[in-house]
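Participant: Sequence order for the protein chains is D, S, H and B. Just so you know, this note's numbering puts 180 at position 180 of the first sequence, and the rest follows in order with no gaps. Just so you know, this note's numbering puts 1233 at position 233 of the second sequence, and the rest follows in order with no gaps. Just so you know, this note's numbering puts 2200 at position 200 of the third sequence, and the rest follows in order with no gaps. Just so you know, this note's numbering puts 3109 at position 109 of the fourth sequence, and the rest follows in order with no gaps.
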Amino acid sequence: MAQITMIEAITMAHAWELEHDPSVVLLGEDIGINGGVFRATAGLQQRFGSERVQDTPLAEGMIAGMCVGMAAQGLKPVAEIQFMGFIYPAIDQIVNHMSRMRNRTRGRMSCPVVIRTPHGGGIRSPEHHSESVEALFAHIPGIRVVCPSTPARAYGLLLAAIRDPDPVLFLEPVRIYRYAKQEVANDGKALPLDVCFLLREGTDVTIVTWGAMTVETLKAATQLAAEGISAEVIDLATISPIDSEAILESVARTGRLVIVHEAARNCGVGAEIAAIVAEQGLYDLQAPIQRVTGYDTVMPYFKLEHDYLPSVARIVDAVHATFVD
Amino acid sequence: MAQITMIEAITMAHAWELEHDPSVVLLGEDIGINGGVFRATAGLQQRFGSERVQDTPLAEGMIAGMCVGMAAQGLKPVAEIQFMGFIYPAIDQIVNHMSRMRNRTRGRMSCPVVIRTPHGGGIRSPEHHSESVEALFAHIPGIRVVCPSTPARAYGLLLAAIRDPDPVLFLEPVRIYRYAKQEVANDGKALPLDVCFLLREGTDVTIVTWGAMTVETLKAATQLAAEGISAEVIDLATISPIDSEAILESVARTGRLVIVHEAARNCGVGAEIAAIVAEQGLYDLQAPIQRVTGYDTVMPYFKLEHDYLPSVARIVDAVHATFVD
Amino acid sequence: MKAVAEFKIHYVQMLDPSGQPVADLPAFAHSRDELVKMYRMMVLARTFDTKAVNLQRTGKLGTYPSCLGHEATHVGAGAALRPEDSFAPVYREIGTQYWRGVRMVETLTYWGGDERGNDFSGPKHDFPWSVPIASQTLHAAGAAMAFKIRREPRCALAYVGDGGTSEGAFYEAINLAGARKLPVVFLVVNNRWAISVPIEQQTACATLAQKAIAAGIPGVQVDGNDIIAVRDTLEQALARGRRGEGPTVVEALTYRLSDHTTADDATRYRQEAEVKAAWKIEPLIRTRAFMAATIGWTDADEQLLKTECAQQVEAAVQEFLAMPKQSSDSMFDYVFANQPVRLTVQKALARRYSGKGSH
Amino acid sequence: MKAVAEFKIHYVQMLDPSGQPVADLPAFAHSRDELVKMYRMMVLARTFDTKAVNLQRTGKLGTYPSCLGHEATHVGAGAALRPEDSFAPVYREIGTQYWRGVRMVETLTYWGGDERGNDFSGPKHDFPWSVPIASQTLHAAGAAMAFKIRREPRCALAYVGDGGTSEGAFYEAINLAGARKLPVVFLVVNNRWAISVPIEQQTACATLAQKAIAAGIPGVQVDGNDIIAVRDTLEQALARGRRGEGPTVVEALTYRLSDHTTADDATRYRQEAEVKAAWKIEPLIRTRAFMAATIGWTDADEQLLKTECAQQVEAAVQEFLAMPKQSSDSMFDYVFANQPVRLTVQKALARRYSGKGSH
Ligand SMILES: Cc1ncc(C[n+]2csc(CCOP(=O)(O)OP(=O)(O)O)c2C)c(N)n1
Ligand SMILES: Cc1ncc(C[n+]2csc(CCOP(=O)(O)OP(=O)(O)O)c2C)c(N)n1
Ligand SMILES: [Mg+2]
Ligand SMILES: [Mg+2]
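Now the structure itself:
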């Protein structure tokens, strides 16, 4: 078993599913011979042909709308939106059709679609290339939002997303596409959706995060451990629906909650997690909840992006704050 | 001073501003001779001509993109999106340009645009006509989200929105367009943005809501008063940015918080309010926060819409729950 | 200057407004059965339509968009489609749907505010009603892509209105369909109005068929009040699609004789004279005249047909009125196939308050 | 069948690839000053471009999109515009911007990851760079609407790529512009590639100029490597706009000689032979040949110009490298004119962590 990066794991999952399910069709801008701007589909068109792995004209609303039509007629489209900042033209189709086709037709038609898109910043990209607007989609009923944090989870969760009978928005954290390699068995085994993953056990504070921010969070946890603070780190993985049981259970044990995400704070997914605990776990809280998030500003162009992204220092300080108040 | 409905107050505010600011231009589908499907612009094209009050071709992305261009060249466009369910094609322009033009150009250009759109359900409308997705826009930096709850507030807040140097999404609660009449002076006086309004003073519980849900909430407060529970009712009015100071101050006095909104619960604006209090007002809370919201389902087609919308009974029960736990 | 590309848009008419043939007619126009079947469906659609408007007036339906004046286009398209083709409607096209097996009670259920109206008992592979203007054009293109990938000789058909041709989605759909040679037909119903906006305000184009040129595909204009021309033109376009020769844009010229919907009042924005003139060229008159001249359709036939249609409609209305409401559970049961815990919890909550309304 | 509409798309070329005139030339093509000014700007753009690519390679710039091969189109458009017109670029059009007064240091600032690069010291009414493909076409239409409402004799110009013509926004913009007769020109730069997708995959259209037909407006194709033809065609189109005669679509046929951006590797998807052939018809060669033949442009002139351009570029690079970074405050100071409390609080927080990076 080779050590592979997240992007390679994603390619591998695609290949597995293309091979085992003839109804799977990949589509997107530059995903064919070019293999995608991040190489997520490298070699797949060569291997599976230009109908199963399709380059599309340049139109995201079209991609999403095509997915609705293809899925309603029995295919399982897996679409790539080149960057999350370009998903906006697709929102109409995602909200008004894809995520509610099952509901609108009382189950007669459905949309087993996966929309994959790079998520977040930190790699010196041009304007509009560093968005992390998962909250917009988490608010939409009828679509799941998933974000892996390691190669293995990318492989297993992408398989799960493709096999799921409903639409899934699959967010790929660009900062860690090639961050660390991991052994990933190409066994076609999916990981479960709708549950989070425990990345590190702890007893003093629960830190919930997802995607690329797991890196800074785990670093913070290590740093905290050195000071004698035992942090439990939870990777949300499925951002919507949230596995609130697991979070509440952890907070019940630790008594403290810090939420870390890259997106803007206002009405971010962190707010929902805080709200769930303030409703159902209030009496477990020994200190105010802390959110460490992007600011309520436009993600700055890259010279300042590391001033925007939550840092290890901010996470550590937020945990400290839960011990002060 | 005549008693007028909210929709009449909106027309009046438009007329005032068209008369006093030559840079104001109204545009939208069917807003001209037809006066808008809800009659918000009735008579205005006849009075101000078809350039100041323009019918557009049928394309919401176009409307928003035109607003960006017009505003960047010195006009103050006020656009109507016919229903909030049709705002999705406009999101790309709103997020990627309108709300960040000032930031992207370091203030060289800006977008003093108002986008008005009917908000919410409850009037037996067709599919996609009853959306209340304010949370999507509240998450976007650089745009304000405002929602009035009475004719007078509609008049004053719409004037404020048009005069604001930055974009404002102005949500008009359809259920109360013609719900109650009120005396509104046509004096061109704007109300402040970024602050909430105290609708009813109380000492035992704070209920925060906005738009049409103020009606059910005030009814619930009356009912609760009869039982001896004194509820303070806050109308958020500016949904983003949230006036957290006012909410925290109220909760500090009452010790209990219930949030009521029509939109789906998951990652709704209620989550942000709960999160703010769980962070900055935790020690004031004598009971878990309660959210009374739409369910995490597609807004049902109208036969069941009243099973979806938060009811007085649900609000009352939620308040009771803050006294039980 | 060198001309590097040239285009022509043609107009097809077979019956003039008085029912006189003005071109060679296709075979089906010589078949009594086919003519009666088509005419019957037009009369049924119109009978249903009148009834539905009345039901709205008495509070039994919500907002309802009439199909008055569009019957030749809708039924002609229905007749041109094969059962295995896939059809993406907007919100008026009952004439097409009924031909394909959708039941009238389903239409009533839908406009009565109940999602079950989209669960057609008829063609399971037809798309539900689509209110967000022009969005359905992409669904048809997607369906066509599925047919193409699976090598099925099927074609998709999407409707779009004159107003709908201003939405970017429409152009994205036709451009993609052209680029990938998809088996799909885009039927632009130019009824001259998009609510209160007349076609002249919608676009500077002389025809909507010429929008096809922007996709590099054929576009043709047809008299949308002439069911023979509509059916024949669409049969050809659909056959092209099924043969793998690519997409077509067909513009059907017709007129919205009604208000936009029951929530609209067209007298606010359009002239009585225009509507009066349009009544002179509406589709039923000429079909009936043609049938009288060619297959001896009599007043008695007409009367019998009308009675039958009225009875059928009435039966559908009764079935509709007797239908029990969905339970509040139904809000939750179709959001996902695999219901998340959160929804199960909310479903129980909703049950507790169900029927108590918002007060 | 009756033809109800006919269209032709014309192609304009004035200098062939070897620099031979193939049509009557406009007055400016006989002016030494104008020719030198245009050529100078093309050489400057190319000099800057090479430097910028190198700066990216050494980590001084982020991803940079080269303009190599587009110089005639970009500079020709710049020369056709008047200062008071408004211009909406995509991301490559430095040749147009520099003509209008944008400074090279601003380009470097922008692609160096700093918003100040959009705060042009030059034409304050020009739009910033626009990465979301085709979105800027609507901004130009909006600007044109402002000009029209204020009765100003100004015209807006929007660029869009061949790939960009697949986005709905583009069609919405041209359709609106046609319907409202707006003073705006849409300049479609057909460089045959949208990253890895060749034009044949993007659309079934023979020309992109014909997209104009879907908006009911004129469309014309021009040799985009021929600066005389580009400038003349655009001058006419812009003048039409300023005279209130409505919008035009101009398709400029050129070729992207570079990778898509510095983040791209075009050898993965396109043939060396195609690129080689394109180098034979690129814009500088023919302009220089034409100048040599008509105004006696010499090798010495050429050498001097190149040295001057190199110096100017070098000065801009030095200015860029010496620019201090923005403070973290700058993230907050332009979100709103009236800063909400929340942002003031966050601004203080950001200051505390500023410069500490994400670790
Ligand atoms: C995206 C979108 N925007 C606006 C509306 C509101 N609306 C419903 S019908 C309509 C006019 C449609 O006109 P047209 O396409 O000509 O179809 P017709 O009603 O004439 O059949 C409008 C604006 C909508 N349903 N969807
Ligand atoms: C809406 C949107 N989708 C995708 C992208 C990513 N992207 C950047 S450039 C490009 C290709 C553009 O091609 P074209 O319009 O021909 O312009 P060119 O680069 O050739 O000048 C793509 C897909 C984007 N910037 N915006
Ligand atoms: Mg119409
Ligand atoms: Mg290109």
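The beta-carbon is built from N, C-alpha and C at its ideal position, and this holds for glycine as well.
Looking at residue 3204(B) and residue 2215(H), is the spacing between their C-beta atoms short of 8 Å?
Facilitator: In this structure, residue 3204(B) lies closer than 8 Å to residue 2215(H) by Cβ.
Participant: In the DSSP assignment, find the unbroken alpha helix (DSSP H) run with residue 1307(S) in it and report its ends.
Facilitator: Start and end: 1305-1308.
Participant: So with Cβ pairs under 8 Å, would you call residue 2205(H) a contact of chain B?
Facilitator: With 8 Å as the cut-off, residue 2205(H) counts as an interface residue toward chain B.
Participant: Where does residue 3243(B) fall in DSSP's three states?
Facilitator: DSSP places residue 3243(B) in coil when its eight states are reduced to three.
Participant: What residues from chain H crowd round residue 3070(B), counting only those whose CB sits closer than 7 Å?
Facilitator: Those do not exist, as residue 3070(B) stays about 21 Å from chain H at its closest Cβ, beyond 7 Å.
Participant: Relative to the C-alpha of residue 2066(H), which candidate in 2057(H), 2060(H), 2059(H), 2050(H) has its C-alpha closest?
Facilitator: Looking at the Cα atoms, 2050(H) is the closest of the given residues.
Participant: On a Cα-Cα basis, can you pick out the residue from 1304(S), 1291(S), 1308(S) that is closest to residue 1321(S)?
Facilitator: It is 1291(S).
Participant: Is the CB-CB distance between residue 1120(S) and residue 1262(S) below 8 Å?
Facilitator: Their beta carbons are under 8 Å apart, which means residue 1120(S) touches residue 1262(S) by this criterion.
Participant: Exposed or buried, residue 1001(S), counting other C-beta atoms within 10 Å across all chains shown (16 or more means buried)?
Facilitator: By the neighbour-count rule (16 or more Cβ atoms within 10 Å), residue 1001(S) is not buried but exposed.
Participant: Just grab the DSSP bridge partners of residue 113(D) for me.
Facilitator: Answer is none; residue 113(D) lacks a bridge partner.
Participant: Using a C-beta cutoff of 8 Å, does residue 47(D) count as contacting chain H?
Facilitator: It does not; no Cβ of chain H falls within 8 Å.
Participant: Return the bridge partner residues of residue 3193(B) from the DSSP annotation.
Facilitator: 3198(B).
Participant: Is residue 2071(H) close to ligand 1? I mean its beta-carbon at under 7 Å from any heavy atom of the ligand.
Facilitator: For ligand 1, not one heavy atom lies less than 7 Å from the Cβ of residue 2071(H).
Participant: Using 8 Å as the limit for Cβ to Cβ distance, is residue 2334(H) near chain D?
Facilitator: Yes, its Cβ sits closer than 8 Å to a Cβ of chain D.
Participant: Please report how far the alpha carbon of residue 2304(H) lies from the alpha carbon of residue 2143(H), in whole angstroms.
Facilitator: Distance between the alpha carbons of residue 2304(H) and residue 2143(H): 40 Å.
Participant: What first and last residue would you give for the beta strand (DSSP E) that runs through residue 3009(B)?
Facilitator: Note, residue 3009(B): beta strand (DSSP E), 3002-3012.
Participant: Examine the Cβ distances between the segment 1047-1055 of chain S and the segment 1097-1105 of chain S and report whether three or more of them are shorter than 8 Å.
Facilitator: No, because fewer than three Cβ pairs between the segment 1047-1055 of chain S and the segment 1097-1105 of chain S fall closer than 8 Å, the two stretches do not touch.
Participant: May I ask you to report which of helix, strand or coil DSSP gives residue 1144(S)?
Facilitator: Reduced to three states, the DSSP call for residue 1144(S) is strand.
Participant: Can you name the residues of chain H whose CB is closer than 7 Å to the CB of residue 3002(B)?
Facilitator: What residue 3002(B) touches in chain H: 2010, 2011.
Participant: Tell me, please, whether the segment 144-156 of chain D touches the segment 3148-3164 of chain B by the rule of three or more beta-carbon pairs shorter than 8 Å.
Facilitator: Not touching, per the Cβ criterion.
Participant: Distance check for residue 2145(H) and residue 1163(S), CA to CA, integer angstroms please.
Facilitator: So the two alpha carbons sit approximately 49 Å from each other.
Participant: According to the Cβ coordinates, are residue 3158(B) and residue 3182(B) closer than 8 Å?
Facilitator: Cβ atoms of residue 3158(B) and residue 3182(B): not closer than 8 Å.
Participant: How would you list, in chain order, the residues of chain D whose beta-carbon sits under 8 Å from the beta-carbon of residue 1290(S)?
Facilitator: Per Cβ cutoff of 8 Å: 279.
Participant: Run the Cβ filter for me: residues under 7 Å from any heavy atom of ligand 3, listed in the order they occur in the chain.
Facilitator: So the residues near ligand 3 by this Cβ test are 2161(H), 2162(H), 2163(H), 2189(H), 2190(H), 2191(H), 2192(H), 2193(H), 2194(H), 2256(H).
Participant: At 3 residues or longer, what runs of the beta strand (DSSP E) sit wholly inside the segment 3208-3272 of chain B?
Facilitator: As far as the segment 3208-3272 of chain B is concerned, its whole beta strand (DSSP E) runs of at least 3 residues are 3219-3223, 3248-3253.
Participant: Roughly how many angstroms separate the alpha carbons of residue 3328(B) and residue 2218(H), rounded to a whole number?
Facilitator: The straight-line gap from Cα to Cα measures roughly 56 Å.
Participant: Select from 1183(S), 1316(S), 1061(S) the residue whose C-alpha is nearest the C-alpha of residue 3135(B).
Facilitator: Among 1183(S), 1316(S), 1061(S), the Cα nearest to that of residue 3135(B) belongs to 1061(S).
Participant: Mind reading off the beta-carbon distance from residue 2068(H) to residue 2040(H)? Whole number of angstroms is fine, and I expect it under 8 Å.
Facilitator: Incorrect: roughly 17 Å between the Cβ atoms, too far for contact.
Participant: Considering Cα atoms alone, identify which of 97(D), 234(D), 246(D), 226(D) is closest to residue 215(D).
Facilitator: Nearest C-alpha to residue 215(D): 234(D).
Participant: Please classify residue 2018(H) as buried or exposed, where buried requires at least 16 other C-beta atoms within 10 Å of its C-beta.
Facilitator: Counting Cβ neighbours within 10 Å, residue 2018(H) comes out exposed, since fewer than 16 surround it.
Participant: State buried or exposed for residue 3(D), treating a residue as buried only when at least 16 other CB atoms are found within 10 Å of its CB.
Facilitator: So residue 3(D) ends up on the exposed side.
Participant: Taking only beta-carbon positions, decide if residue 1133(S) is within less than 8 Å of chain H.
Facilitator: Residue 1133(S) does not count as touching chain H.
Participant: DSSP three-state label for residue 3275(B), please.
Facilitator: Reduced to three states, the DSSP call for residue 3275(B) is helix.
Participant: Can you tell me the Cα-Cα spacing of residue 2224(H) and residue 2064(H), whole angstroms?
Facilitator: Answer to the nearest angstrom: the Cα atoms are 22 Å apart.
Participant: Ignoring anything shorter than 3 residues or poking outside the segment 3032-3111 of chain B, list the beta strand (DSSP E) runs there in chain order.
Facilitator: Counting whole runs of 3 or more residues, the segment 3032-3111 of chain B contains the beta strand (DSSP E) stretches 3086-3088.
Participant: Taking the alpha helix (DSSP H) that residue 2149(H) falls in, what are its first and last residues?
Facilitator: Its alpha helix (DSSP H) spans residues 2135-2149.
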